[in-house]
Amino acid sequence: MSWGPINWSAIKTGYSPGTHIDSADPTVGTEENQLKAAMWNLYENTMKEHHIRIEAGGLEGTIDLDSDLDIGASQYDILVASGTNTITAFSTAAAGVTRKIIFNSARQLTHGAALKLYPSGNRNIQTAVGDVAIFGSRGSGNWECLAYQRADGYPLLGEIQHVYTSFQNRLTVTNNPIPWDNTPPLSSEGGQLFSLAITPKYSDSILIFQANAHVSPYTSNRVITMALFKDSEGTARGQSKPRAPDWHRCSLLWRETAGGTTAQTWKVRIGTNSTSGGWDLYVNADVLYNQKGAGIIDTNFLITEKRLPA
Amino acid sequence: MTHEELVMAIIRIRPGAKFCLSGDSIEQGLEWLEKPESEGGQKRPTLAECQAVLAETQADVEASQKRAAAREIIQEKRDLAVRKLVGYIAKDANAPADLKAVAADIAAAEADLEPEK
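The listed protein sequences correspond, in order, to chains A and B.
Under this note's numbering, the first residue of the first sequence carries the number 1, and numbering increases by one thereafter.
Under this note's numbering, the first residue of the second sequence carries the number 1001, and numbering increases by one thereafter.
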């Protein structure tokens, strides 16, 4: 049985003008309307008695959350929300009431006792146009965010994104060592192997850096340094220092907090130490510059953005 | 120009210079690590300079190869002439004794050079 769209405010007054009832005017055919209203009351009470909810399927409304936080009182299950004020709580609604909210503006949802934001790992959420969330009431003014889908498809937790680049050609670094000592490498030392930009989605994300390179030092048993630099910083953030007897695979694993959501460029520099002998270093090649690896060698740089629950 | 050729050219143009070359493009792949010229560093080489020195190197190689070929030809002809002279001297009863002795020595040595069977 389909009841079609329902005017809930009419039901509250004891009368429903649903489309299946011909007359919507209480002044016309009063006796008939009273009978219909009685039938509605009987139906509504029966549904309530058996805890059956009357679904108003297909209906979508709007709400300005800057002036009205009573999403539970709305007759609509789906609400397109406007406004930009920060939200820390919704108005009290009966336990079990759920609402799907479609945000059409950027605003902050603040995690707290009255508004628990589970999908973000109990962090605040910055909404964007088109984001969709499902909120469920626990009664007494307490709401839980049960699901949140960003319109751009990125998740709120887990592996957010990764950017990757690889180097299949040859690289030669001459006469510019990276010392093997207890000081951090400098951007003026060695040669640049990679430059890769990433725009983190969340400032509290973790960025994980992985770099690999196949190298030949001109003089065997040199210490090879792979160093990680951010933007135009002169001092390395991280490094690895394997000793290379000959053709060798160097790797670097490092992590940083994103610290912002604007674009940042990360660079990998590489070089041998400055003890006696040749300082030259060759990537994807032997000491005579002959290319090795057939263009499918794993000299590469990967940045992964991950976000864990707070 | 290949990576090898570019590295060779840069090393030849700016001996001892610090640089990092990635791939086969001097415009896009050369990170010049020298200090500024005002501080005593060497000037970044241009592609034209690299091409010029490569052409020069190739000319040197070609000249060297030409000289080696000429030496080979001269040696071969000289050997042939000596063999003929040795033969004439050996047959000439009026040839000076010292020349005959030299020709006999050469003939004996060449006999030792007979290919192994």
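Backbone N, C-alpha and C define an ideal beta-carbon position, used for all residues, glycine too.
With 8 Å as the threshold, decide whether the Cβ of residue i is near any Cβ in chain A.
{"i": "B:Lys1145", "result": "For chain B, the structure presents residues 1001 to 1117; residue 1145 of chain B sits outside this window and is missing."}
{"i": "B:Leu1080", "result": "no"}
{"i": "B:Ala1017", "result": "yes"}
{"i": "B:Val1061", "result": "no"}
{"i": "B:Val1102", "result": "no"}
{"i": "B:Leu1113", "result": "no"}
{"i": "B:Glu1004", "result": "yes"}
{"i": "B:Leu1099", "result": "no"}
Given residue i, which residues of its chain have a CB within under 8 Å of its CB, disregarding the five upstream and five downstream residues?
{"i": "A:Asn85", "result": "Leu65, Asp66 and Arg107"}
{"i": "A:Gln161", "result": "Tyr154, Ile198, Lys201, Thr304 and Glu305"}
{"i": "A:Ala128", "result": "Phe103, Ala106, Arg150, Ala151 and Asp152"}
{"i": "A:Asn124", "result": "Gln108, Leu109, Thr110, His111 and Leu117"}
For residue i, collect the residues of the same chain with a Cβ closer than 6 Å to its Cβ; drop the 5 residues on either side in sequence, then sort them by chain order.
{"i": "A:Arg150", "result": "Asp131"}
{"i": "A:Ala258", "result": "Pro200, Ser203, Ser205 and Leu207"}
{"i": "A:Arg170", "result": "Asn284, Ala285 and Gln291"}
{"i": "A:Trp247", "result": "Ser216"}
{"i": "B:Ala1017", "result": "Glu1034 and Gln1042"}
{"i": "A:Ile78", "result": "Glu60 and Lys100"}
Secondary structure at residue i, three-state DSSP: helix, strand or coil?
{"i": "B:Glu1049", "result": "helix"}
{"i": "A:Ile21", "result": "Bear in mind that the predicted position of A:Ile21 carries a pLDDT of just 44, short of 50, making it unreliable; the figure below should be weighed with that in mind. In the structure shown, A:Ile21 sits in coil (DSSP, three-state: anything other than H, G, I, E or B)."}
{"i": "B:Gln1065", "result": "helix"}
{"i": "A:Gly191", "result": "strand"}
{"i": "A:Lys36", "result": "helix"}
{"i": "B:Gly1029", "result": "helix"}
{"i": "A:Ile160", "result": "strand"}
{"i": "B:Glu1076", "result": "helix"}
{"i": "A:Leu207", "result": "strand"}
{"i": "B:Ser1022", "result": "strand"}
{"i": "A:Tyr154", "result": "coil"}
{"i": "A:Glu31", "result": "helix"}
{"i": "B:Lys1043", "result": "coil"}
{"i": "A:Ile134", "result": "strand"}
{"i": "B:Ala1009", "result": "helix"}
{"i": "A:Gln168", "result": "coil"}
{"i": "B:Arg1014", "result": "coil"}
{"i": "A:Leu302", "result": "strand"}
{"i": "A:Val129", "result": "coil"}
{"i": "A:Tyr289", "result": "coil"}
{"i": "A:Gly139", "result": "strand"}
{"i": "A:Thr174", "result": "strand"}
{"i": "B:Leu1113", "result": "coil"}
Determine, for residue i, whether the minimum Cβ-Cβ distance to residues of chain B falls below 8 Å.
{"i": "A:Arg222", "result": "no"}
{"i": "A:Val80", "result": "no"}
{"i": "A:Val173", "result": "yes"}
{"i": "A:Asn212", "result": "no"}
{"i": "A:Asn273", "result": "no"}
{"i": "A:Ile170", "result": "The residue you asked about is not Ile; residue 170 of chain A is Arg in the sequence shown. Output row for A:Arg170: interface = yes."}
{"i": "A:Ala310", "result": "no"}
What does a CB cutoff of less than 7 Å around residue i pick up in its chain, not counting 5 residues either side in sequence?
{"i": "A:Glu256", "result": "Leu207 and Arg237"}
{"i": "B:Pro1045", "result": "Ile1010, Ile1013 and Arg1014"}
{"i": "A:Ala114", "result": "Thr88, Ala89, Gly141, Asn142 and Trp143"}
{"i": "A:Asp25", "result": "At A:Asp25, the pLDDT of 49 sits below 50, so the modelled position is not reliable; the number obtained from the coordinates is stated separately. Nothing listed; no residue qualifies."}
{"i": "A:Asp298", "result": "Asn212"}
{"i": "A:Gly278", "result": "Tyr218 and Thr219"}
Quiz prompt | Those runs of the beta strand (DSSP E) which lie wholly inside the stretch 41-127 of chain A and span at least 3 residues | solution = DSSP runs (the beta strand (DSSP E)) wholly in the stretch 41-127 of chain A: 60-64, 78-82, 98-103 and 115-117.
Quiz item: Which residues, in order along the stretch 1039-1056 of chain B, keep a beta-carbon less than 8 Å from a beta-carbon of chain A?
Solution: Under the 8 Å Cβ criterion, the stretch 1039-1056 of chain B contributes no residue.
Quiz prompt | chain B contacts made by the stretch 175-192 of chain A, where a contact means CB separation under 8 Å | solution = The residues in question are Asn175, Asn176, Ser188, Gly190, Gly191 and Gln192.
Practice problem: Check each residue of the stretch 288-302 of chain A: if its Cβ is closer than 7 Å to any Cβ of chain B, include it; give the result in chain order. | Solution: The residues in question are Tyr289.
Quiz prompt | Contained alpha helix (DSSP H) runs [length at least 4] in the stretch 196-275 of chain A, N- to C-terminal order | solution = Runs of the alpha helix (DSSP H) inside the stretch 196-275 of chain A: none found.
Self-check item: Members of the stretch 1007-1031 of chain B that neighbour chain A once the beta carbon cut-off is set at 9 Å
Solution: For chain A, the residues of the stretch 1007-1031 of chain B that bring a beta carbon within less than 9 Å of one of its beta carbons are Val1007, Met1008, Ile1010, Ile1011, Gly1016, Ala1017, Lys1018, Phe1019, Cys1020, Leu1021, Ser1022, Gly1023, Asp1024, Gly1029 and Glu1031, in chain order.
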